[in-house]
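Asker: Structure incoming, see below.
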Amino acid sequence: MATKTLMAFLAARPNPDRCDCGAEIPLQVLVTCAYYVGRFCPNCGPFSRESGYYRTRAEAEKALATGMFSR
Ligand SMILES: [Zn+2]
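Residues in the sequence shown are numbered consecutively from 657, following this note's numbering.
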C-alpha cells in the first residue's frame, strides 16, 4: 500500500528527475543544519527541498521510503 501510494505520488510530481544541466536528481535524504528529503544536482548544488526538517537521518529516510512527507 505504501509503495503503491509512493509510486502514484512520484508519478504525479511535476518536479523533474533531471536538472536543467542534464544531471539526474532523484529524491534523497540531504542534510544542512538538519535532515530533509530533496533533490541535489552534483553540478549545480541543492535543487529543491520536498519535506520539512528532521532531527535524525533515520526519520528522514523513513519519510523518503514511505512518501509520507510534505513541506
Ligand atoms: Zn544541474
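Positions of the beta carbon are idealized from the N, C-alpha and C atoms, including for glycine.
Beta-carbon within less than 6 Å of alanine 719's beta-carbon, same chain only, minus the 5 sequence neighbours each way: which residues are those?
Answerer: Numbered from 1 along the sequence shown, position 63 holds the residue referred to as residue 719. Same-chain partners within the cutoff: Val693, Ser707, Phe725.
Asker: Report whether the distance from the Cβ of aspartate 673 to the nearest heavy atom of ligand 1 is below 7 Å.
Answerer: Along the sequence shown, read from residue 1 onward, the residue named residue 673 stands at position 17. Aspartate 673 Cβ: outside cutoff for every heavy atom of ligand 1.
Asker: In chain order, what residues of the same chain have a beta carbon less than 7 Å from the beta carbon of alanine 679, not counting five sequence neighbours either side?
Answerer: Translated into positions along the sequence shown, residue 679 becomes position 23. Non-local C-beta neighbours of alanine 679 in its own chain, meaning closer than 7 Å and more than five positions away in sequence, comprise Cys697, Pro698, Asn699, ordered along the chain.
Asker: Return the bridge partner residues of phenylalanine 703 from the DSSP annotation.
Answerer: Taking the sequence shown and counting its residues from 1, the one referred to as residue 703 is at position 47. Secondary-structure assignment with DSSP links phenylalanine 703 through no beta bridge to anything.
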